[in-house]
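Colleague: Below is a structure I'd like to ask you about.
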């Protein structure tokens, strides 16, 4: 005997399931296939499931083993890598010996990867590890092979108004001081378009890592030709309007070395982290000053939240957690948890090479890219048969 549940109850139950389970549920009946494939359900599942299961994505690259490791962890201090936390990373470089992809951004369960091998220019992949699908993005119009240009910044995020994922590439001519050339790739059209950089804004170098917030990509920006008196600020790009806007930093950071500044999020608020002595070869002490913008785009709302000092080099700030911790990766292969409320820190050894080889971000399961791109499992089976 068949018992049909109300549509609302079906919707609620299914939206709480993991992505892999939903892939199987699509084969149960046409009604479930239609429901799970709808934009309304995709959005509800993204929000509901990840609220119930907050987790972190950790990427590390071990140079000596030429191995990239990706793992998913519950949103707590236990970020040690064991077989139960590992997820398959299916991408390899066929053109060089170093198999290293950098994460440029994560949004709605989609990870934006770019290859760091100079022999494989402009290799960009969008990857949803929870449903094992990928989308290869064809090279933009401005290539690294053009000697007059260099490639400093990528951005990635979701355009909610147009229901579209977008990749941003910012390219400069390092022989001439002029506005950057900006290209935007939209998944819906599968094309790159050039976007004019506004003339009223200063020509600035965009420095990663990015922060995606309120539908906008944010970078630390600075006038790169002014080596003696740097000017730093935040540059944001609204992915819906595709318009740039400058956001002033706290006054105390405007003239700091750009390498010492990074953006972060704290409780969905924009934050800037100043790290002193981070890039000195033998730093014996380190200082971290963190300011948070309490009201978005209001520069008068910047507030200093933490000023912590150590008698040793603690490395680079990887993430600021909503529960009151700073996650740092040191050049000694340690992952540090600093509780800026209670004042203690807890070291864990992950065995990575430098603080630049590890990445920590929010991990979200989603159905993004479900009907776009390629199924990685099928691709792996074809490779084994060849």
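Numbering (UniProt numbering), first residue to last: 1 to 386.
Here a beta-carbon is modelled for each residue, glycine too, at the ideal position from N, C-alpha and C.
Please state whether DSSP places residue 29 in a helix, a strand or coil.
Modeller: Here residue 29 refers to the residue found at position 29 of the chain shown. Coil.
Colleague: From what residue to what residue does the alpha helix (DSSP H) around residue 8 run?
Modeller: Stepping through the chain shown from its first residue, residue 8 is reached at position 8. Run containing residue 8: 7-14, per the alpha helix (DSSP H) assignment.
Colleague: Measuring alpha carbon to alpha carbon, tell me which residue in 17, 141, 220, 159 is nearest residue 182.
Modeller: As a position in the chain shown, residue 182 is number 182, starting the count at 1. Nearest of 17, 141, 220, 159 to residue 182, Cα basis: 141.
Colleague: How many whole angstroms separate the CB atoms of residue 50 and residue 365, which I take to be in contact at a CB cut-off of 8 Å?
Modeller: For the purposes of this step, residue 50 is taken as residue 50 along the chain shown, with counting starting at 1. For the purposes of this step, residue 365 is taken as residue 365 along the chain shown, with counting starting at 1. The beta carbons of residue 50 and residue 365 sit about 6 Å from each other, so the pair counts as a contact at 8 Å.
Colleague: Would you mind listing the beta strand (DSSP E) stretches within the segment 227-295 that are 3+ residues and don't spill past its ends, in chain order?
Modeller: 232-238, 243-247, 261-266, 269-276, 286-293
Colleague: Compute the Euclidean distance between the alpha carbons of residue 360 and residue 134, then round it to the nearest angstrom.
Modeller: Residue 360 sits at position 360 when you count from the first residue of the chain shown. Residue 134 sits at position 134 when you count from the first residue of the chain shown. If I take the Cα positions, the gap works out to 20 Å.
Colleague: Give the C-beta separation of residue 309 and residue 271 to the nearest angstrom, bearing in mind that I take them to be a contact with Cβ-Cβ under 8 Å.
Modeller: Indexing the chain shown from 1 puts residue 309 at position 309. Indexing the chain shown from 1 puts residue 271 at position 271. So it is not a contact: roughly 18 Å between Cβ atoms.
Colleague: Could you tell me the distance, in whole angstroms, from the CA atom of residue 130 to the CA atom of residue 368?
Modeller: Reading the chain shown from its first residue, position 130 is the one you call residue 130. Reading the chain shown from its first residue, position 368 is the one you call residue 368. Between residue 130 and residue 368, the C-alpha separation is close to 9 Å.
Colleague: What does residue 181 pair with, by DSSP beta-bridge criteria?
Modeller: One-based indexing of the chain shown puts residue 181 at position 181. According to DSSP, which records beta bridges pairwise, residue 181 is partnered with 171.
Colleague: Compute the distance between the beta-carbons of residue 132 and residue 358, then report whether it is under 8 Å.
Modeller: Taking the first residue of the chain shown as position 1, residue 132 is located at position 132. Taking the first residue of the chain shown as position 1, residue 358 is located at position 358. No, they are not a contact pair.
Colleague: Can you find the residues in the same chain that come closer than 6 Å, C-beta to C-beta, to residue 307, ignoring five residues on each side of it along the sequence?
Modeller: Locating residue 307 in the chain shown gives position 307, where the first residue counts as 1. Hits under 6 Å: 289.
Colleague: For the alpha helix (DSSP H) that contains residue 51, what are its first and last residues?
Modeller: Indexing the chain shown from 1 puts residue 51 at position 51. Residue 51 -> alpha helix (DSSP H) spans 39-52.
Colleague: My output table needs one value for residue 301: the three-state DSSP class, helix, strand or coil.
Modeller: Stepping through the chain shown from its first residue, residue 301 is reached at position 301. Three-state result, residue 301: helix.
Colleague: Whose C-alpha, out of 112, 107, 128, 237, is nearest the C-alpha of residue 88?
Modeller: Sequence index remark: in the chain shown, residue 88 carries index 88 (1-based). Comparing Cα-Cα distances from residue 88 to each of 112, 107, 128, 237, the minimum goes to 128.
Colleague: Would you mind sorting residue 275 into buried or exposed? The rule is 16 or more other CB atoms within 10 Å of its CB.
Modeller: Translated into the one-based positions of the chain shown, residue 275 becomes position 275. Per the 10 Å Cβ criterion, buried.
Colleague: For the beta strand (DSSP E) that contains residue 209, what are its first and last residues?
Modeller: In the chain shown, the residue the question calls residue 209 occupies position 209. Residues 205-213.
Colleague: Taking its Cβ as the centre, do 16 or more other Cβ atoms sit within 10 Å of residue 153, making it buried, or is it exposed?
Modeller: One-based indexing of the chain shown puts residue 153 at position 153. Buried, because 16 or more other Cβ atoms sit within 10 Å of the Cβ of residue 153.
Colleague: Using a Cβ-Cβ cut-off of 6 Å (strictly less than) and excluding sequence neighbours within five positions of residue 311, which residues of its own chain qualify?
Modeller: Position 311 of the chain shown, counting from 1, holds the residue named residue 311. Excluding sequence positions up to five before and after residue 311, its CB lies within less than 6 Å of the CB of 285, all in the same chain and listed in chain order.
Colleague: Just grab the DSSP bridge partners of residue 20 for me.
Modeller: Here the question's residue 20 lines up with position 20 in the chain shown. As far as DSSP is concerned, residue 20 takes part in no beta bridge.
Colleague: Can you give me the start and stop residues for the beta strand (DSSP E) that residue 365 sits inside?
Modeller: Residue numbering aside, residue 365 sits at position 365 when the chain shown is read from its first letter. Here residue 365 belongs to no beta strand (DSSP E), and DSSP marks it neither H nor E.
Colleague: Is the beta carbon of residue 15 sitting closer than 8 Å to the one on residue 41?
Modeller: Numbered from 1 along the chain shown, position 15 holds the residue referred to as residue 15. Numbered from 1 along the chain shown, position 41 holds the residue referred to as residue 41. Against a cut-off of 8 Å, the Cβ pair of residue 41 and residue 15 comes out as a contact.
Colleague: Confirm, please, whether the CB-CB distance from residue 187 to residue 237 is below 8 Å.
Modeller: To locate residue 237, count along the chain shown from 1; it is residue 237. To locate residue 187, count along the chain shown from 1; it is residue 187. Result no, Cβ atoms of residue 237 and residue 187 do not sit closer than 8 Å.
Colleague: Pull up the distance between the alpha-carbon of residue 196 and that of residue 301, whole angstroms please.
Modeller: Walking along the chain shown from the start, residue 196 turns up at place 196. Walking along the chain shown from the start, residue 301 turns up at place 301. Those two C-alpha atoms are separated by around 30 Å.
Colleague: Would you please state the rounded distance, in angstroms, between the beta carbons of residue 71 and residue 86? I believe it to be under 8 Å.
Modeller: Position 71 of the chain shown, counting from 1, holds the residue named residue 71. Position 86 of the chain shown, counting from 1, holds the residue named residue 86. At roughly 5 Å, the Cβ-Cβ gap stays under 8 Å, so residue 71 and residue 86 are in contact.
Colleague: From residue 4 to residue 55, what does the alpha carbon distance come to, in whole angstroms?
Modeller: Residue numbering aside, residue 4 sits at position 4 when the chain shown is read from its first letter. Residue numbering aside, residue 55 sits at position 55 when the chain shown is read from its first letter. If I take the Cα positions, the gap works out to 34 Å.
Colleague: Which class does residue 201 belong to by DSSP, given the choice of helix, strand or coil?
Modeller: As a first step, residue 201 must be located in the chain shown, where it is residue number 201. Coil at residue 201, not helix or strand.
Colleague: Once you ignore the five residues that flank residue 32 on each side, which residues in its own chain have a CB closer than 8 Å to its CB?
Modeller: On the chain shown, position 32 is the one that residue 32 refers to. 10, 14, 25, 26, listed in sequence order.
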